[in-house]
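Heads up: the structure comes next, in structure tokens.
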Amino acid sequence: AHMADAVKKYDGRISTGIHGTYMLMDQLAVYGYTDVAYSLLLSRRFPSWFYSIDQGATTIWERWDGYVAGRGFQNAGMNSFNHVAIGAVGEWMYRHVLGIQHDESQPGFRHFFIKPLTGASLTWAKGNYHSINGDIKVSWTKNENTVTLNVVVPVNTTATVILPDNKKHKIGSGEYKFTSRSD
Numbered sequence: 004a005h006m007a008d009a010v011k012k013y014d015g016r017i018s019t020g021i022h023g024t025y026m027l028m029d030q031l032a033v034y035g036y037t038d039v040a041y042s043l044l045l046s047r048r049f050p051s052w053f054y055s056i057d058q059g060a061t062t063i064w065e066r067w068d069g070y071v072a073g074r075g076f077q078n079a080g081m082n083s084f085n086h087v088a089i090g091a092v093g094e095w096m097y098r099h100v101l102g103i104q105h106d107e108s109q110p111g112f113r114h115f116f117i118k119p120l121t122g123a124s125l126t127w128a129k130g131n132y133h134s135i136n137g138d139i140k141v142s143w144t145k146n147e148n149t150v151t152l153n154v155v156v157p158v159n160t161t162a163t164v165i166l167p168d169n170k171k172h173k174i175g176s177g178e179y180k181f182t183s184r185s186d
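Numbered per the working numbering, the sequence shown finishes at 186, counting up by one with no gaps.
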């Protein structure tokens, strides 16, 4: 709640540095503030990921002000142009937009969870995670009332799929299609 309030106080924008950014998006999603996380992800105002993309970024920069319209680039000596901390949003997208989450009790994605957060204005998502056991693939589409989820589970692994309507399905390796009420 404090994180969501801080985002609101900063006019709906992100105000974290390299340490807080990594945790912010995950904790917002875990504690039910998915709408706030999606608003940060999809924002095009400075500072934001899409602001950087709109300025020509093809990687995630170390600093929010790596390039600012009207001022130009920061000193390259103080700005990695491919940085993991602020780039942690990529992990957030795998874990929450696609919903691919590891099971701490079964390392190596022997078992995992698929729990996509199909929020905001996104109408679809598609991606995969290359685990030690093979590719975990997830895609979903959303309309006003329905989410259609496609999942590929690698050989010799299992998954628990948690749909937006909270129905759970325990599945083995193979290809699956699910339909759910949209959230």
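Note that the Cβ used here is the ideal one computed from N, Cα and C, for glycine as well.
Linking residue 61 to residue 121 through their CA atoms gives a straight-line distance of about 25 angstroms.
When 70, 155, 65 and 34 are compared, the shortest CA-CA separation from residue 48 is found for 70. Look at residue 109 here: in three-state DSSP terms it is coil, with no helix or strand label. Counting only unbroken stretches of 3 or more residues, the beta strand (DSSP E) elements lying wholly within the region 115–164 are 127–134, 137–145 and 149–156, in sequence order. Within the model, the alpha-carbon separation for residue 119 versus residue 57 is close to 26 angstroms. Judged by beta-carbon spacing, residue 137 lies within the 9 angstroms limit of residue 157, meaning their Cβ atoms are closer than that value. Proximity to residue 41 across 183, 125, 140 and 151 peaks at 125, based on C-alpha coordinates. Per DSSP, reduced to three states, the secondary structure at residue 34 is coil, with no helix or strand assignment. The Cβ atoms of residue 84 and residue 103 lie no closer than 9 angstroms to each other.
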